[in-house]
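Written out below as structure tokens is the structure these notes cover.
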Amino acid sequence: MVTSLQELEERIGALTDQNSTSPTVPGVVLLATNSSPNTEPHVFTTGIASVSPDRTPSPPLAPTSTLWFASATKLLTSIAALQLVERNLWSLDRPVADALPELGQLRELTLFNNAGQAIYADGPPEGARITLRHLLTHTSGMAYDFLNPKLMQWWKAHSAAEGRDMRAEAAGTILEGYGHPLVREPGTGWEYSPSIDWAGTLVAKLHGDEPVTSGRRFNGKF
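Position in the sequence shown (first residue = 1) + 281 = our numbering.
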């Protein structure tokens, strides 16, 4: 049984010892605190900050290291979005395009013609109807392109029309990477998607957090 933070740190340090022949884990960040607002959190880091072959040797892990949490951030982002509702800054069924007009421009991809060109649903862009409820429940009509053959075909057609790999270039902002068409009408079906990324962009917009509002995507290895 661990009886002190020092003992815990020693045990964790042994798991991340890069001098051993086979460290159990690359690195660990530990934060310990209690419910008292006067308590200064105890922070401990050990191990390396990256396992990418492009970063050899890896820098040591530090409290300020940027790590790729991938979809583990969806829970935290969903909580932050619901806090907007709790604070009456937004409502679940209000169109998100009211704050993020670029979302309102997304159209529904229906099929492709014989020439391989994309055909979209008639009428106004379906993205204008997407609500926060849709985003948080993966019913916005969005999809991850790598999980959806229709979107992969769209990228192929889009790249052919532009004469370059458009998907490879779409790794900057949320709009660039996740601004591809919808695959169904909002509210008509569930599909795992980047909709939580858009919810996070809404949170950042309403909080006025400029570095986050820029919608950076972190796709690098850690």
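Note that CB positions come from ideal geometry on N, CA and C, so glycine has one too. Quick caveat, the model's predicted, so the values are computed rather than measured.
- When the five nearest sequence neighbours on each side are left out, the beta carbons in the same chain lying within less than 6 angstroms of the beta carbon of residue 320 are those of 314, in order along the chain.
- Taking 8 angstroms as the upper bound for CB-CB distance, residue 462 and residue 411 are not in contact here, some 13 angstroms apart.
- For the pair residue 485 and residue 479, the Cα-to-Cα distance works out to about 10 angstroms.
- A distance below 8 angstroms separates the beta carbons of residue 386 and residue 406.
- Boundaries of the alpha helix (DSSP H) around residue 354: 354-367.
- Per DSSP, residue 400 lies in no alpha helix (DSSP H); the unbroken beta strand (DSSP E) holding it starts and ends at 399-401.
- Burial state of residue 467 is buried, judged by a 10 Å Cβ sphere holding 16 or more other Cβ atoms.
- Counting only runs of at least 4 residues, the stretch 427-494 fully encloses the following alpha helix (DSSP H) elements, listed from N- to C-terminal order: 430-443, 447-450, 455-459, 476-488 and 491-494.
- The closest CA to that of residue 354, considering only 477, 483, 487 and 489, is found on 477.
- Counting along the chain, the unbroken alpha helix (DSSP H) around residue 294 starts and ends at 286-296.
- Listed in chain order, the non-local C-beta contacts of residue 409 below 7 angstroms within the same chain comprise 376, 378 and 385, local neighbours out to five positions each way being set aside.
- In its chain, beyond the 5 residues on either side, 371, 484 and 487 have a beta carbon closer than 7 angstroms to the beta carbon of residue 365.
- For residue 323, the uninterrupted beta strand (DSSP E) run begins and ends at 323-328, by DSSP.
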